[in-house]
Amino acid sequence: MRERSHITWVGADAAGIHVSPADCYIDPVRPCKTAIITHGHADHARAGHNHVIATPETLAIMAVRYGETFAQTTTALCYGSSMMLGPVKVTLQPAGHVLGSAQIILDYQGQRVIAAGDYKRKRDPTCQPFMPVPCDVFITEATFGLPVFRHPDPAVELKRLLATKYLFPDRTIVIGAYALGKAQRVIALLREAGYNAPIYIHGALQKLCNLYEDYGVPLGSLLPATAGKAGAPQAELKGQIVIAPPSAIGAKWAQRLHDPLIVFASGWMQVRQRAKQRGVEFPLILSDHADWDDLLMTIEQINPGEVWVTHGREDALIKACQMRGYQARALSVVGYEEGEA
Ligand SMILES: [Zn+2]
313 MRERSHITWV GADAAGIHVS PADCYIDPVR PCKTAIITHG HADHARAGHN HVIATPETLA
373 IMAVRYGETF AQTTTALCYG SSMMLGPVKV TLQPAGHVLG SAQIILDYQG QRVIAAGDYK
433 RKRDPTCQPF MPVPCDVFIT EATFGLPVFR HPDPAVELKR LLATKYLFPD RTIVIGAYAL
493 GKAQRVIALL REAGYNAPIY IHGALQKLCN LYEDYGVPLG SLLPATAGKA GAPQAELKGQ
553 IVIAPPSAIG AKWAQRLHDP LIVFASGWMQ VRQRAKQRGV EFPLILSDHA DWDDLLMTIE
613 QINPGEVWVT HGREDALIKA CQMRGYQARA LSVVGYEEGE A
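Using my numbering, the first residue of the sequence shown is number 313, and each one after it goes up by one.
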């Protein structure tokens, strides 16, 4: 066992992860004076803080979602650059989760704590890859923190999807994907797999797809999947690929499309029961979170003095860390959802 780090200047309370000497929170769930935001998903990035520090991409995502006045002041911090918050040096590095997602690196009195936020290690052409950085305390998520969660290679999943599409050339492929991150990743992976036809997108995805393109992520030809009149199947979308938010795939909207083949892109699609519950015909296992192997690989690469585990399946990961000689404990942070996995 390594020696305990005795770091007490970072902790969690009802508002989120608190950094005492900097008087700030990371991804707070309540409005607060200074908030450092890891990424734009709604459970991490909330409106109403006084001062928000985040990557330029995350600030832009928040402005799209909440309007330009989502905070009184903002500070854009690019990957690799640092700022002082009181005596604490704050640096952001890529987390590989969605566009602009960042690990928050905190240096204070010779100690380093990293709050990784949500992260993943598998290929994603729409954001910069996770960067392992040595530290004393690594705060990790554990959304898929059980040994049963092993996510396949995204390219293999997309090939499997396209093979099914070519098997049913007349059906409309309707892919449910979260509006921030997953939708753009599915589109970019389809392009990488050689699918160059226009992709039809639900109106709820338009602004975020535009934002990704503005930040240099090419998505190819995207056309609006305008819903036709009630009861009228949309002949024009026959044989096409349509991307929609998860709420739309079970709704009348999707049923109006021509012979829809319902796909859902999520790490949870490994669980058959979840696919069945949602009426998903084709579960596309595509996660924006680290799976079990990648959680452990990341911890071994970083080799921190101590691991703190937040939202997810803390117990199994804590145990696995301890078996590998790491000090590990739960850091109870409320308010994060498993939704966008
Ligand atoms: Zn997230």
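Beta carbons: idealized from backbone N, C-alpha and C, even for Gly.
Reference tryptophan 604; option with closest CA among Glu626, Leu596, Asp419, Gly360: On the sequence shown, position 292 is the one that residue 604 refers to. Comparing Cα positions, the closest option is Glu626.
Does DSSP classify arginine 625 as helix, strand or coil? To locate residue 625, count along the sequence shown from 1; it is residue 313. In the three-state scheme derived from DSSP, where H, G and I count as helix and E and B as strand, arginine 625 is classed as coil.
Would alanine 491 and tyrosine 512 be called neighbours here (beta carbons separated by less than 8 angstroms)? To locate residue 491, count along the sequence shown from 1; it is residue 179. To locate residue 512, count along the sequence shown from 1; it is residue 200. A distance of 8 angstroms or more separates the beta carbons of alanine 491 and tyrosine 512.
When we look at the beta-carbon of alanine 640 and count the other beta-carbons within 10 Å, is it buried (16 or more) or exposed? Here residue 640 refers to the residue found at position 328 of the sequence shown. With 16 or more other Cβ atoms within 10 Å, it is buried.
Pick out whichever of His351, Tyr378, Val410, Phe576 has its Cα sitting closest to the Cα of glutamine 440. As a working note, residue 440 is residue 128 in the sequence shown. Answer by Cα proximity: Val410.
Residue nearest to histidine 318 in terms of C-alpha spacing, selected from Gln552, Asn522, Ile338, Gln421: Here the question's residue 318 lines up with position 6 in the sequence shown. The residue from Gln552, Asn522, Ile338, Gln421 with its alpha-carbon nearest to that of histidine 318 is Gln421.
Report the three-state DSSP secondary structure of glycine 543 (helix, strand or coil). One-based indexing of the sequence shown puts residue 543 at position 231. With a pLDDT of only 47 at glycine 543, under the threshold of 50, the placement of this residue in the model should not be trusted; the figure read from the coordinates follows. Glycine 543: coil per DSSP, three-state reduction.
Contained alpha helix (DSSP H) runs [length at least 4] in the stretch 354-393, N- to C-terminal order: With a minimum length of 4 residues, the continuous alpha helix (DSSP H) runs that stay inside the stretch 354-393 are 368-378.
Helix, strand or coil for valine 619, going by three-state DSSP, please let me know. Locating residue 619 in the sequence shown gives position 307, where the first residue counts as 1. Note: valine 619 maps to strand in three-state DSSP.
Given a cut-off of 8 angstroms on the beta-carbon distance, is the pair isoleucine 487 and isoleucine 553 in contact? Stepping through the sequence shown from its first residue, residue 487 is reached at position 175. Stepping through the sequence shown from its first residue, residue 553 is reached at position 241. Contact check for isoleucine 487 against isoleucine 553 passes: the beta carbons are separated by less than 8 angstroms.
Could you tell me which of Ala467, Arg503, Leu607, Gly637 sits nearest to glutamate 453, measuring between CA atoms? Position 141 of the sequence shown, counted from the start, is the residue given in the question as residue 453. That would be Leu607, whose Cα lies nearest to the Cα of glutamate 453.
For proline 343 and alanine 326, what's the separation of their Cα atoms in angstroms? Counting from 1 along the sequence shown, the entry for residue 343 is found at position 31. Counting from 1 along the sequence shown, the entry for residue 326 is found at position 14. Roughly 12 angstroms between the two C-alpha positions.
Distance CB(histidine 463)-CB(glutamine 585) smaller than 8 angstroms: Within the sequence shown, residue 463 is the residue found at index 151, counting from 1. Within the sequence shown, residue 585 is the residue found at index 273, counting from 1. In this structure, glutamine 585 does not lie closer than 8 angstroms to histidine 463 by Cβ.
Kindly provide the ranges of any beta strand (DSSP E) runs that are 3 or more residues long and lie completely inside the stretch 491-528, ordered along the chain. Annotation: the stretch 491-528 contains the following complete segments of the beta strand (DSSP E) (minimum length 3 residues), in chain order: 511-513.
Whose C-alpha, out of Glu618, Leu534, Leu643, is nearest the C-alpha of glutamine 634? Along the sequence shown, read from residue 1 onward, the residue named residue 634 stands at position 322. Nearest C-alpha to glutamine 634: Glu618.
Per DSSP, cross-strand counterpart(s) of glutamine 405: Along the sequence shown, one-based indexing puts residue 405 at 93. BP columns for glutamine 405 point to Gln415.
Return the first residue and the last residue of the alpha helix (DSSP H) that aspartate 600 is part of. Locating residue 600 in the sequence shown gives position 288, counting from the first residue. Boundaries for aspartate 600: no alpha helix (DSSP H) harbours it, and the DSSP string shows neither H nor E there.
Quick check on DSSP: helix, strand or coil for proline 595? For the purposes of this step, residue 595 is taken as residue 283 along the sequence shown, with counting starting at 1. In the structure shown, proline 595 sits in a strand (DSSP, three-state: E or B).
Would you list the residues sitting across from proline 536 in a DSSP beta bridge? Indexing the sequence shown from 1 puts residue 536 at position 224. DSSP lists Ile513 as partners of proline 536.
Would you say histidine 623 touches ligand 1, meaning its beta carbon is less than 7 angstroms from a heavy atom? Within the sequence shown, residue 623 is the residue found at index 311, counting from 1. Not so, every heavy atom of ligand 1 lies at least 7 angstroms from the Cβ.
Would you mind sorting cysteine 390 into buried or exposed? The rule is 16 or more other CB atoms within 10 Å of its CB. For the purposes of this step, residue 390 is taken as residue 78 along the sequence shown, with counting starting at 1. Looking at its Cβ environment, which holds fewer than 16 other Cβ atoms inside 10 Å, cysteine 390 is exposed.
Start and end of the beta strand (DSSP E) containing leucine 573? One-based indexing of the sequence shown puts residue 573 at position 261. Residues 572-577.
Is histidine 463 a contact residue of ligand 1, with contact defined as CB to any heavy atom under 7 angstroms? Your numbering for residue 463 matches position 151 in the sequence shown. Remark: the shortest separation between the CB of histidine 463 and any heavy atom of ligand 1 does not fall under 7 angstroms.
Per DSSP, what kind of secondary structure is methionine 443 in: helix, strand or coil? Within the sequence shown, residue 443 is the residue found at index 131, counting from 1. Here methionine 443 sits in coil by DSSP.
Go to glutamine 639, then tell me how far its beta strand (DSSP E) extends in each direction, as first and last residue. For the purposes of this step, residue 639 is taken as residue 327 along the sequence shown, with counting starting at 1. Residues 639-642.
Skipping 5 residues on each side, what residues in its chain have a beta carbon closer than 6 angstroms to that of phenylalanine 382? Here the question's residue 382 lines up with position 70 in the sequence shown. Scanning its chain for C-beta atoms nearer than 6 angstroms, with the 5 sequence neighbours on each side dropped, one finds around phenylalanine 382 the residues Ala359, Met374, in chain order.
Could you say which of Ser559, Glu504, Ala505 lies nearest to histidine 514 if we only look at CA atoms? Position 202 of the sequence shown, counted from the start, is the residue given in the question as residue 514. Among Ser559, Glu504, Ala505, the Cα nearest to that of histidine 514 is on Ser559.
Helix, strand or coil: how does DSSP classify glutamine 423 here? In the sequence shown, the residue the question calls residue 423 occupies position 111. In the structure shown, glutamine 423 sits in a strand (DSSP, three-state: E or B).
With a threshold of 7 angstroms (Cβ to nearest heavy atom), would aspartate 606 be considered close to ligand 1? On the sequence shown, position 294 is the one that residue 606 refers to. Residue side-chain check: aspartate 606 keeps its Cβ at 7 angstroms or more from all non-hydrogen atoms of ligand 1.
Quick check: the stretch 385-401 against the stretch 410-419, are there 3 or more CB pairs under 8 angstroms? The answer is yes - the stretch 410-419 touches the stretch 385-401, with three or more Cβ pairs under 8 angstroms.
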